[in-house]
Amino acid sequence: SRILGDAQAQGLGGSYALVNGGRALAIAWRKSRFAWLSEGKGDVGEDHQSQYYGKRSAQWVRLRHRDGRTVFFLNHHGPLPVSKSGGCAGSSTAYNILKMIATNAHKDDVIVVVGDFNAQGHSSRVQALKGYLNHVYSGTSMGGVDHIFSNCDAVGHHKLGKGGSDHDALNAVFRI
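Going by UniProt numbering, the letters in the sequence shown line up with residues 1 to 176, in that order.
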């Protein structure tokens, strides 16, 4: 609801649709450009007992762009501690995300994966995803734990600042 509240404060509330994924996840999109097709969520990892807050999820939506292309958009909030490997926190989290994509995306979908992965670029989580998706962009806060991946190339990307968070707000533009 914070995302929608921020959009409404900027006068954009009626322009965007929102899916609340629970567990600090949400996805919003511009209704004039995209039509909702389907959505889902599921657990993909779990915090290590040394810094345990619970299981970690990913949520996704399939959206039809007004030009007819379909986008599969996935948002993820990764396990702690940052860049922890092994158990349910390392590359297994990445493979669970990839399984979610394989199960729910269609073969011609533009795939975009974003989130606070709680994993820096050198981590097994990020390296595993780089084996299957293009690494588009990463933030710099907390050593670079916020990432964007896709199956297509971005035409631009940049940091938008903090946006009311301790994380970087990232922007990537894709030509679909």
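By construction, the Cβ of each residue, glycine as well, lies at the ideal position given by its N, Cα and C atoms.
| Check | Outcome |
| --- | --- |
| Closest by C-alpha distance to H158, when choosing among S85, I97, S38, Y137 | Y137 |
| Check whether A119 and S83 have beta carbons under 7 Å apart | yes |
| Alpha carbon of N134 to alpha carbon of V113, nearest angstrom | 10 Å |
| Residue closest to G115, alpha-carbon to alpha-carbon, out of L74, T70, R125 | L74 |
| Reduced DSSP category for N151 - H, G, I as helix; E, B as strand; rest coil | coil |
| Whole-angstrom C-beta distance between D168 and G139, which should lie under 8 Å | 3 Å |
| Cβ neighbours of H128 in the same chain (closer than 6 Å, five flanking residues each side left out) | A small correction: the amino acid at residue 128 is Ala; His does not occupy that position in the sequence shown. Counting only Cβ-Cβ distances below 6 Å, and skipping sequence neighbours, we find S91, A94. |
| Nearest-angstrom Cβ-Cβ length linking H65 and I176, presumed shorter than 8 Å | 6 Å |
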